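Just so it is clear: in the sequence shown, position 219 is 200 by the numbering used here, and no numbers are missing. Worksheet for the structure shown next.
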Amino acid sequence: MTTSVTGVRLHVWSTEEKRIIVAAARQVPKRWIDDVWTLSVHEDSLDLYERLANNHRVRDRGGRARLIVCGAVLANLECAIRMLGWAPLTDPSCDVLALDRVARLTARRRARPVAADFARFAALSGRRTKPAPPSVSTWGRDVAEATEGGGIRVRVLAPSDVRDLPKVGRQVARKVTPEASWTAFLVTTVTESREQLVRSGAVAQRLLLAATGYGLEGTAFTEPFDAPAIRGALAAIDGVPGFPQMVVVVEERRKTPAQKGRTS
């Protein structure tokens, strides 16, 4: 343990804890834009940074997709810290000397992990820990309520609701197996601030991990929402609680091997 300037004793990460934390951070969904974040592991804290040098200018001119990915990494970091038996303290504010910092995480008190923490951590590596729910739509309503917060709203959508979304619905529906039983989550933000975009990515990642834990297959569709005009138009629709950032589709696992936590 070390002591901060405020006199609070801070936990010092062991070599094994660092290994587990870094491995968890890397378990972001495949096919999302890559090489957009870095992690700096200090003696008693973790700093997550976005890479401002954008190699995805065509798709991600404003850095929106980059911040969403950073949010997914942040969710994984918090998951690993909980699994190690600590309550993570996340500071989302940046530093005047480090404007690219997304968040700083520290562990200030012991907190025994519960069953949900074990299940979420197992899902990071694609392990199923629970039987498939009798009804994916009913499960969806429960998990949506459990994951939203901090200005992030999650609306549960039936396949017909997804197809009816102007400009993006059919684009999403075409990529989902038509005959499969599936439900979807529309993840929205109150504003399009940096912090809100990061939070939306964290919520999406928790939805994907929840799906994996139940043996379901999750896909996060962010690209259809890349254009600001599309997000603005959708925000004006009745029943859409804010600016839509992505749709997370959850379906029964296909018979052929599929990639965990797919994104598009």
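All C-beta atoms in this analysis are idealised placements derived from N, C-alpha and C, irrespective of residue type, glycine included. Just so we're clear, the structure is a prediction, and the values are computed from it rather than from any experiment.
Beta-carbon gap between residue i and residue j smaller than 8 Å
| i | j | result |
| --- | --- | --- |
| proline 114 | tyrosine 195 | yes |
| threonine 158 | valine 221 | no |
| alanine 103 | serine 118 | no |
| glycine 182 | valine 17 | no |
| glutamine 152 | glycine 52 | no |
| valine 3 | aspartate 25 | no |
| asparagine 57 | alanine 5 | yes |
| isoleucine 1 | leucine 105 | no |
| threonine 203 | glutamine 226 | yes |
| leucine 33 | leucine 27 | no |
| valine 179 | proline 73 | yes |
| threonine 193 | arginine 93 | no |
| glutamate 173 | phenylalanine 224 | yes |
| alanine 176 | arginine 234 | Here the sequence assigns glutamate to residue 176, which means alanine is not the residue at that position. Going by C-beta atoms, glutamate 176 is not nearer than 8 Å to arginine 234. |
| valine 95 | isoleucine 133 | no |
| arginine 136 | leucine 167 | yes |
| isoleucine 14 | alanine 46 | yes |
| alanine 216 | valine 124 | no |
Per-residue DSSP class, three states only, for residue i
| i | result |
| --- | --- |
| arginine 101 | helix |
| threonine 110 | coil |
| proline 94 | coil |
| tryptophan 67 | strand |
| arginine 82 | strand |
| aspartate 16 | coil |
| glutamate 233 | strand |
| valine 168 | strand |
| arginine 7 | coil |
| glutamine 240 | Because glutamine 240 sits at a pLDDT of 46, beneath the cut-off of 50, its placement in the model cannot be relied upon, and the point is left open. |
| aspartate 219 | coil |
| tryptophan 120 | helix |
| valine 179 | helix |
Presumed contact (8 Å Cβ cut-off) between residue i and residue j, rounded CB distance
| i | j | result |
| --- | --- | --- |
| alanine 88 | leucine 29 | Rounded, the Cβ-Cβ distance is 15 Å, inconsistent with contact. |
| leucine 55 | glutamate 31 | Their Cβ separation, rounded to whole angstroms, is 11 Å, which puts leucine 55 and glutamate 31 out of contact at 8 Å. |
| glutamate 232 | serine 141 | In fact, because the Cβ distance is near 15 Å, the residues do not count as touching under 8 Å. |
| valine 229 | leucine 189 | 7 Å |
| tryptophan 120 | arginine 91 | Going by Cβ atoms, the distance from tryptophan 120 to arginine 91 rounds to 32 Å, so no, they are not a contact pair. |
Buried versus exposed, by CB contacts within 10 Å (16 or more), residue i
| i | result |
| --- | --- |
| glutamate 126 | exposed |
| proline 112 | exposed |
| valine 143 | buried |
| leucine 80 | exposed |
| glutamine 147 | Sequence inspection shows proline at residue 147; the glutamine mentioned does not correspond to that position. Classification for proline 147: exposed. |
| glycine 130 | exposed |
| glycine 213 | exposed |
| isoleucine 218 | exposed |
| aspartate 98 | buried |
| glutamate 249 | With the chain running from -18 to 245 in the structure shown, residue 249 is simply not present. |
| alanine 208 | exposed |
| threonine 164 | buried |
| valine 77 | exposed |
| arginine 7 | exposed |
Short CB-CB distance (under 8 Å) between residue i and chain B
| i | result |
| --- | --- |
| glutamate -3 | No chain B is present in this structure, which holds just one protein chain. |
Q | Every unbroken beta strand (DSSP E) inside the region 22 to 61 [3 residues or more] | A | 27 to 31
Q. Counting only runs that start and end within the region 125 to 159, where is the beta strand (DSSP E) found for 3 or more residues in a row?
A. 133 to 138
Q. Which parts of the region 181 to 212 are runs of the beta strand (DSSP E), unbroken and 3 residues or longer, counting only runs that do not cross its ends?
A. 197 to 202
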